[in-house]
Amino acid sequence: MTMEYSTDYNPDITFQEIVSRLKVSVANYHLKLTNAKEPGFSHKPLEDKWSNKEILGHLCDSAFNNIHRFVRGQYQHQPEISYDQDAWVNLNYYDYREKDDVIALWKSLNDQITNILANIPDAQGEKVCFTKQSQHTLHWLAHDYIDHMEYHLKQIVD
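Counting from 1, one number per residue, gives the positions in the sequence shown under the working numbering.
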């Protein structure tokens with residue numbers, strides 16, 4: 001699945017502002033996801049395309065990996081943390097889980113990311129973490145995390 005979003009990065013936004021945006025977004029989308037009807041949530045539009053449940057699972061995988069970035073990026077020198085998104089979605093078997101279980105996992109992981117980001121001093125934001133052949137600051141990664149999440153959540157609920 002290819003990414004078609006872009007991060008509208010603003011280096012002047014603090015971690016606390018990022019946390020506030022994440023909290024609002026998670027609360028709003030949690031309600032919308034909970035109200036989504038199961039048949040449409042699990043339907044795969046094509047065999048090689050993800051269902052909405054798998055897209056949400058992909059966001060769980062993104063959260064797992066970003067938790068590593070946000071934690072290890074603070075104490076390791078330029079850690080490299082990347083993952084094969086298709087393999088992660090396939091091997092986590094999200095389509096076999098109940099919709100509410102995947103939603104609860106997504107919410108819990110984002111609550112943890114909120115906790116981590118709320119405690120990162122803004123001065124730590126310039127520390128670097130490597131992803132697939134790219135390097136980004138923790139601050140940029142936090143910004144990108146929310147942009148990526150909201151892009152996919154709009155796909156699911158709209």
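Backbone N, C-alpha and C define an ideal beta-carbon position, used for all residues, glycine too. It should be emphasised that the depicted structure is a prediction, and the values quoted were computed from it without experimental measurement.
- For Q135, the uninterrupted beta strand (DSSP E) run begins and ends at S134 to T137, by DSSP.
- For T14, no beta strand (DSSP E) segment is defined, and its DSSP state is neither H nor E.
- Judged by DSSP secondary structure, T114 falls within the alpha helix (DSSP H) whose first and last residues are K99 to A118.
- For T131, the enclosing beta strand (DSSP E) begins and ends at V128 to T131.
- By the criterion of a C-beta distance shorter than 6 Å, H152 is surrounded in its chain by I55 and L59, once the five residues flanking it on both sides are discounted.
- Where W88 is concerned, the enclosing alpha helix (DSSP H) starts and stops at Q85 to N92.
- Around L138, the same chain offers G73, G125 and K127 as residues with beta carbons nearer than 6 Å, after the five sequence neighbours per side are excluded.
- By the C-beta density criterion, G57 is buried, having at least 16 other C-beta atoms within 10 angstroms.
- Residue burial is scored here from C-beta neighbours: S82 has fewer than 16 other C-beta atoms within 10 angstroms and is therefore classed as exposed.
- By the Cβ rule, the region 89-96 does not count as touching the region 141-155, because fewer than three pairs are nearer than 8 Å.
- Of the residues L117, K53, Q76 and N66, the one whose Cα lies closest to the Cα of A36 is K53.
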